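Protein chains in written order, with my numbering: chain A, 1 to 328; chain B, 1001 to 1328.
First the structure, in the form of structure tokens, and then the observations on it.
Listed below in structure tokens is the structure:
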């Protein structure tokens, strides 16, 4: 649901569609390659690349706004934290440990049996440390600048947005999904990631196709004129199709995820993928930017690519933590 | 270092000083009462009261600014998270467990011996969950409003500031200091808290007294005209005096904190207490507010009271985690 109607390219709908299809195919080839390798470092590399590019794109969108130093602080600390956490996960994985997790077994039940219903604590030490550092450093940076009205507070808010929006919401939670606890290496986490990406992207595609074909009733004319309620319904149906397809393909690997949870997850991912897309519309229009970047024809920037995932990743992760892994 | 010279009260320096002294005495009586009780719930109640009042004060300072709904979202979620974490800590404490900590013992060494040199993971699940919820809810709230230029992004930044500044920096890290791992209930955490408060407040007092007596060279004329380099030096000396006094008074309870660490902590607390005070100056001046509130005569609002602690608490906590508890 990138904002096609705004693109000042003068291209026809068919041209845009072809470009979009080609770009999407190339992306899926890269993602599939990483997926087939089942190599923790390949996953980490892909997440880090997308996080870094997305965070720098977001930083560039804030350019010309006050507090340039502060947004650089938030972006830099965010990328460092994602690097640190991902590296840590890969190391733990290569040692054969369930990455970042301590599995508290109950009643001496075996490790294999406890995978789907353990309770665990995962430390967010690095993430919270980065959050505190961002606020303190952003304020200290402003000591040099003096007061420039409301801009002084906004600059610190920008630093927080730069730290949280791409690095935490997208980067950290994508990593945590990949490195879910598993007795089979990162396979189950990788399949969950695939399920989430497929559901989010099919939400996108479902909205586009259904909206183009039968879209009539505008959903959010103030934010994104191309979005219709028909597209919304189609999006949610496509999300279900995608999630169930991936779940069936995964076979034994996702057997710990009960069918009920697949349906609920697909619904949640569909809803927050739409919300994430609208959120990026707010960011772009608020900052007077038409495309977040010009990275791949027909898609736009990296942010246009990961906007829905930035909302879907934490929601998927917390759903699994609260309702599946602890109580399964 | 509240901004006396700006107060439009027309009071003399001596009057302000008397009011300030009285208010400070009353506050110390309350804090001492909680401290003497050594009751986890009393500590929790005090932290929650200060967090709630401070967060609402910060929210009120943002009033008249755009995104009122978003700042309420961040404030509300922040207070809920502090309540949840504090309640959780108190419950664990009453069960005799080291609150919020899982101590990984090495080589079967005893619990008593591992207090000063264990490695642990502390889950920040609630804090990170609240952070994600704040961003998602703030964006979704803006779906109703439409785009109002830069204000749309600033509103989400405000929500993040409201969530992080008082509830996380002050509330969560004060709680985590109180509920440090200990074999003696919360005594060692309470003494660490007292050390931090004393060092931060003596920093304040040292700056005020030294600055008033011999202050000549302005430190940050753009931000806070009353601050001088003489006051800065006096502040750091007073911080050392306060920290060492509390450490000596604590006796055996803080025996695990080596003298070197007391000196470094006092220096760090002094520096960030000054930074925290300047940061609140930025917030107040940026938002065109003279006092954060009018809660106690001579002190101002709750934010004026906790501004230095909001920076000192996370710094103290992370210093202990990185350099004392894991490697002591």
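Where a beta carbon is used, it is the ideal one built from N, C-alpha and C, also for glycine.
All figures in this text were calculated on a predicted structure; none of them were measured in a lab.
Ranking 299(A), 199(A), 284(A), 286(A) by CA distance to the CA of residue 266(A) puts 199(A) first.
Here DSSP, grouped into helix, strand and coil, assigns residue 1150(B) to strand.
Near chain A, meaning a CB-to-CB distance below 7 Å, the residues of the stretch 1130–1154 of chain B are 1131, 1132, 1135, 1136, 1139, 1140, 1142, 1143, 1146, 1147, 1149, 1150, 1152, 1153, 1154. The beta carbon of residue 287(A) lies closer than 6 Å to those of 61 in the same chain, with the five residues before and after it left out. With 16 or more other Cβ atoms inside 10 Å of its own Cβ, residue 133(A) counts as buried. Per DSSP, reduced to three states, the secondary structure at residue 1233(B) is helical.
Note on residue 1322(B): under 16 other CB atoms within 10 angstroms of its CB, so exposed under the neighbour-count rule.
Distance from the CA of residue 1302(B) to the CA of residue 1168(B), rounded to the nearest whole angstrom, comes to 16 Å.
Taking a beta-carbon distance threshold of 9 Å, residue 158(A) counts as an interface residue toward chain B. Shortest Cα-Cα distance from residue 1054(B) to any of 1298(B), 1319(B), 1041(B), 1163(B) involves 1163(B).
The Cβ atoms of residue 241(A) and residue 320(A) do not sit closer than 9 Å to each other. Note that the stretch 38–56 of chain A touches the stretch 85–93 of chain A; at least 3 beta-carbon pairs, one per stretch, sit closer than 8 Å.
Under the Cβ distance rule, residue 286(A) counts among the residues neighbouring chain B, one pair being separated by less than 9 Å. In this structure, DSSP gives residue 1296(B) an extended state, which the three-state scheme calls strand. Contact check for residue 1076(B) against residue 1160(B) fails: the beta carbons are separated by 9 Å or more.
According to the DSSP assignment, residue 15(A) belongs to the alpha helix (DSSP H) that extends over 13–37. Residue pairing by DSSP places residue 1123(B) opposite 123(A) in a beta bridge. Under the Cβ criterion (8 Å, minimum of three pairs), the stretch 127–143 of chain A does not count as touching the stretch 1205–1217 of chain B. Rounded to the nearest angstrom, the Cβ distance from residue 1272(B) to residue 1311(B) is 4 Å, consistent with a contact under 8 Å. Listed along chain A are 132, each with a C-beta nearer than 7 Å to that of residue 1314(B). CA-CA distance, residue 1035(B) to residue 1187(B), rounds to 9 Å.
Residue 51(A) and residue 313(A) have their C-alpha atoms some 13 Å from each other. Comparing alpha carbon positions, the residue from 1318(B), 1324(B), 1325(B) closest to residue 126(A) is 1318(B).
Taken through DSSP and simplified to helix, strand or coil, residue 1201(B) comes out as helix.
Using a 10 angstroms sphere on the CB of residue 324(A), the tally of other CB atoms reaches 16 or more, which defines it as buried. CA-to-CA, the gap between residue 280(A) and residue 1277(B) works out to about 35 Å. Judged by their CB atoms, residue 1148(B) and residue 223(A) are not nearer to each other than the 9 Å cut-off. Here residue 172(A) really is in contact with residue 82(A); their C-beta atoms are around 6 Å apart, less than 8 Å.
Residue burial annotation: residue 1094(B) is exposed, with fewer than 16 other C-beta atoms found within 10 angstroms of its C-beta. Taking all protein chains shown into account, residue 40(A) has 16 or more neighbouring C-beta atoms within 10 Å of its C-beta and is therefore buried. Secondary structure at residue 1284(B): helix, using DSSP grouped into helix, strand and coil.
Excluding the 5 residues flanking it on each side, residue 1289(B) has same chain C-beta neighbours closer than 7 Å at 1061, in chain order.
Shortest Cα-Cα distance from residue 79(A) to any of 298(A), 20(A), 170(A) involves 170(A). For residue 1256(B) and residue 1225(B), the gap between their C-alpha atoms comes out near 41 Å. Non-local C-beta neighbours of residue 1056(B) in its own chain, meaning closer than 7 Å and more than five positions away in sequence, comprise 1075, ordered along the chain. For the C-beta of residue 1307(B), not a single chain A residue is nearer than 9 Å; the gap to the nearest is close to 11 Å.
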